[in-house]
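Following: one structure in structure tokens, then a few remarks.
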DNA sequence: TCCAAGTCATGCGTATATGTATACCTAAGA
DNA sequence: TCTTAGGTATACATATACGCATGACTTGGA
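Protein chains in written order, with this note's numbering: chain S, 152 to 450; chain V, 152 to 450.
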């Protein structure tokens, strides 16, 4: 095997890849924890080495040339392989010290993780925790997070999931707002109510209507995916919200609406991590710790 | 996309990969054009960074650990991607200066390439030529060569082949040796002859026997794949050889055997290069030049 | 058993890569 | 039109990586 043809600086390829994907040298430098001049020089060095113009400099932007675009495809594959290497290496590591990235929705992050993380840090001071707060699914394969807390079962078959509980969702509102609502014997009679919505899609409406509710767009005048804002709007009397009981019951200004009708729905809570990370001492420690703490929280 | 997880020194992966494949730090360093201390430090840096022992040091050898072996798989994929990047980049290059690697059998290399290369170098002094002499097929995908001269049509569908001629193979021997042979009217009557063989396999014997020859192992007491040695043994009167007429007819000590029966076989000569390299100015220039010169040689 | 060749690890001096600072430029908003 | 923010390229000082030299050790052959 002749290695001559791969005897170039692989870090220059990395610079090219991240610059192309991020769009600017500055962003790429930041992403890699280097400085812009360094990235600039690495990309230029690659161009010189290959005698190929990878980017046209247009104003303050870098625009990929057709050559650059073609080579980017190959650079991406190298990046994908690097990612897999990284994933496998983390899985092999027997070191407890280091960082773990946890992905969770904003409510879980705000209401449940603080105490869990504080306790974990007391027991494992060598483990650094980074929390990525997002209501979107995190791509564990791409290492956006090491561990995710989610309310849906993962579809990918290289992920490991453990169910740690159920979120019971009630309808909550201020006492003042609820006093103005009519008495009902089941949710199908509930028309004239403002529910602070999560997004514009009809998925939630469809699910509830399947359960007998009679909702339409008129019931969702306020929409925000930022759940903590939902909570505040609810506290301002702007409507009711769907909220997990572990959190809603802790809000002194809110009460359950139509408690006699029972909860609206339940959502499972899954703790997920990538299969390859299960062999990492550190990730396994954090996973098991959170699993135990969350289970205690729900049961 | 978070780039944090690929923010390690990719050149350390390269060091690990080449060291694992070559078996020693010294060999790997040589292959990469670096020094052994540098490779040693790069591999050690990677081990420290990952907190994983990749190699056990056993005597003067490095032995992959099980962790190392698992990670090697991912490093290989990164190397493969680097190779493809390199191939594509060469194909994109519009620079004429640089080197081109040509793979050819020993006879072609000894008899035909000298003049062709000399002429090419006079016309294109900026192009460096490296010739890899092997009777085995070179892997163009892995960049063992940029251009190959072969007597079989390539099977891979990402190679470009151009037929540049036919090698006419005759049976050659010294006049003295041939004088002792019986008169025959066709090759099926030829039993008591020593043919200096190419290898131990029966493939040549099978091909000739299909054409009516009656050969067996007894006809091949001397076997060497080194064709120039075959030639010398033939000149020493140790037997006859199959040889292309472009070369055999130039040997003053050899004559065609049984010329009245015609040539033994013809072999096509293909000039092959990887599809992606066709867009490289340099490779295309060399390819076209050799194609023309070889064609002139055969016709 | 001894010797020669080859291997890895380490210290030191040199070469190269990186970060800081700065100049110049572009794009967007007031 | 002016201002601000953000972008790239370049010079200089500093930090890091590399090559050379060397020592310790292993391996194979005489």
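Every residue, glycine too, gets a C-beta built ideally from N, C-alpha and C.
Please read these numbers as outputs of a predicted model, since none were measured by experiment.
Roughly how many whole angstroms lie between the Cα atoms of residue i and residue j?
{"i": "residue 283 of chain V", "j": "residue 302 of chain V", "result": "16 Å"}
{"i": "residue 157 of chain S", "j": "residue 429 of chain S", "result": "33 Å"}
{"i": "residue 421 of chain S", "j": "residue 184 of chain S", "result": "33 Å"}
{"i": "residue 374 of chain S", "j": "residue 439 of chain S", "result": "36 Å"}
{"i": "residue 294 of chain V", "j": "residue 153 of chain S", "result": "7 Å"}
{"i": "residue 192 of chain V", "j": "residue 206 of chain V", "result": "13 Å"}
{"i": "residue 370 of chain S", "j": "residue 356 of chain S", "result": "10 Å"}
{"i": "residue 273 of chain V", "j": "residue 260 of chain V", "result": "18 Å"}
{"i": "residue 412 of chain V", "j": "residue 442 of chain V", "result": "31 Å"}
{"i": "residue 397 of chain S", "j": "residue 328 of chain S", "result": "21 Å"}
{"i": "residue 352 of chain V", "j": "residue 190 of chain V", "result": "42 Å"}
{"i": "residue 201 of chain V", "j": "residue 244 of chain S", "result": "7 Å"}
{"i": "residue 525 of chain S", "j": "residue 160 of chain S", "result": "Lying before the first or after the last residue shown, residue 525 of chain S is absent from chain S, which here runs from 152 to 450."}
{"i": "residue 209 of chain V", "j": "residue 182 of chain V", "result": "22 Å"}
{"i": "residue 287 of chain S", "j": "residue 238 of chain S", "result": "21 Å"}
{"i": "residue 254 of chain V", "j": "residue 296 of chain V", "result": "6 Å"}
{"i": "residue 414 of chain V", "j": "residue 361 of chain V", "result": "15 Å"}
{"i": "residue 186 of chain V", "j": "residue 381 of chain V", "result": "40 Å"}
{"i": "residue 265 of chain V", "j": "residue 178 of chain S", "result": "53 Å"}
{"i": "residue 281 of chain S", "j": "residue 270 of chain S", "result": "15 Å"}
{"i": "residue 130 of chain V", "j": "residue 236 of chain V", "result": "The structure shown has nothing for residue 130 of chain V, since chain V only spans 152 to 450."}
{"i": "residue 335 of chain S", "j": "residue 409 of chain S", "result": "8 Å"}
{"i": "residue 279 of chain S", "j": "residue 268 of chain S", "result": "10 Å"}
{"i": "residue 220 of chain V", "j": "residue 292 of chain S", "result": "21 Å"}
{"i": "residue 436 of chain S", "j": "residue 174 of chain S", "result": "37 Å"}
{"i": "residue 289 of chain S", "j": "residue 304 of chain S", "result": "13 Å"}
{"i": "residue 379 of chain S", "j": "residue 262 of chain S", "result": "11 Å"}
{"i": "residue 196 of chain V", "j": "residue 251 of chain S", "result": "22 Å"}
{"i": "residue 170 of chain V", "j": "residue 215 of chain V", "result": "10 Å"}
{"i": "residue 402 of chain V", "j": "residue 333 of chain V", "result": "23 Å"}
Compute the beta-carbon to beta-carbon distance between residue i and residue j, rounded to the nearest angstrom, for a pair I have assumed lies under 8 Å.
{"i": "residue 448 of chain V", "j": "residue 325 of chain V", "result": "With a Cβ gap of about 26 Å, residue 448 of chain V and residue 325 of chain V do not count as contacting."}
{"i": "residue 168 of chain V", "j": "residue 213 of chain V", "result": "With 8 Å as the limit, residue 168 of chain V and residue 213 of chain V do not qualify as a contact, their Cβ atoms being about 13 Å apart."}
{"i": "residue 365 of chain V", "j": "residue 342 of chain V", "result": "6 Å"}
{"i": "residue 257 of chain S", "j": "residue 277 of chain S", "result": "Not confirmed; about 28 Å, so no contact."}
{"i": "residue 241 of chain S", "j": "residue 431 of chain S", "result": "5 Å"}
{"i": "residue 323 of chain S", "j": "residue 385 of chain S", "result": "6 Å"}
{"i": "residue 426 of chain S", "j": "residue 310 of chain S", "result": "6 Å"}
{"i": "residue 376 of chain S", "j": "residue 400 of chain S", "result": "Not really, about 23 Å apart at Cβ, beyond 8 Å."}
With a threshold of 7 Å between beta carbons, is residue i in contact with chain S?
{"i": "residue 174 of chain V", "result": "no"}
{"i": "residue 424 of chain V", "result": "no"}
{"i": "residue 286 of chain V", "result": "no"}
{"i": "residue 232 of chain V", "result": "yes"}
{"i": "residue 162 of chain V", "result": "yes"}
{"i": "residue 434 of chain V", "result": "no"}
{"i": "residue 203 of chain V", "result": "yes"}
{"i": "residue 418 of chain V", "result": "no"}
{"i": "residue 281 of chain V", "result": "no"}
{"i": "residue 324 of chain V", "result": "no"}
{"i": "residue 269 of chain V", "result": "no"}
{"i": "residue 206 of chain V", "result": "no"}
{"i": "residue 246 of chain V", "result": "yes"}
{"i": "residue 192 of chain V", "result": "no"}
{"i": "residue 228 of chain V", "result": "yes"}
{"i": "residue 189 of chain V", "result": "no"}
{"i": "residue 443 of chain V", "result": "no"}
{"i": "residue 453 of chain V", "result": "Residue 453 of chain V is absent from the model: chain V starts at 152 and stops at 450."}
I want to see whether chain V comes within less than 7 Å of residue i, judged by CB atoms only; does it?
{"i": "residue 217 of chain S", "result": "no"}
{"i": "residue 165 of chain S", "result": "yes"}
{"i": "residue 275 of chain S", "result": "no"}
{"i": "residue 240 of chain S", "result": "yes"}
{"i": "residue 171 of chain S", "result": "no"}
{"i": "residue 315 of chain S", "result": "no"}
{"i": "residue 223 of chain S", "result": "no"}
{"i": "residue 184 of chain S", "result": "yes"}
{"i": "residue 237 of chain S", "result": "yes"}
Original post:
Does the stretch 218-231 of chain V come close enough to the stretch 231-239 of chain S to have 3 or more Cβ pairs within less than 8 Å?
Top reply: yes
Subject >> Sufficient close CB pairs (3 or more, under 8 Å) joining the stretch 408-425 of chain V to the stretch 316-330 of chain V >> reply: yes
Subject >> At least 3 beta-carbon pairs within less than 8 Å: the stretch 387-394 of chain S vs the stretch 342-355 of chain S >> reply: yes
**OP:** Run through the stretch 178-256 of chain S for me and flag every whole alpha helix (DSSP H) of 4 or more residues, listed as ranges in chain order.
**Re:** 187-201, 217-243
Subject >> Whole runs of the beta strand (DSSP E) within the stretch 280-354 of chain V, excluding any shorter than 3 residues >> reply: 298-301, 310-324
**OP:** Counting only runs of 4+ residues fully inside the stretch 381-411 of chain V, write out the alpha helix (DSSP H) ranges in chain order.
**Re:** 396-399
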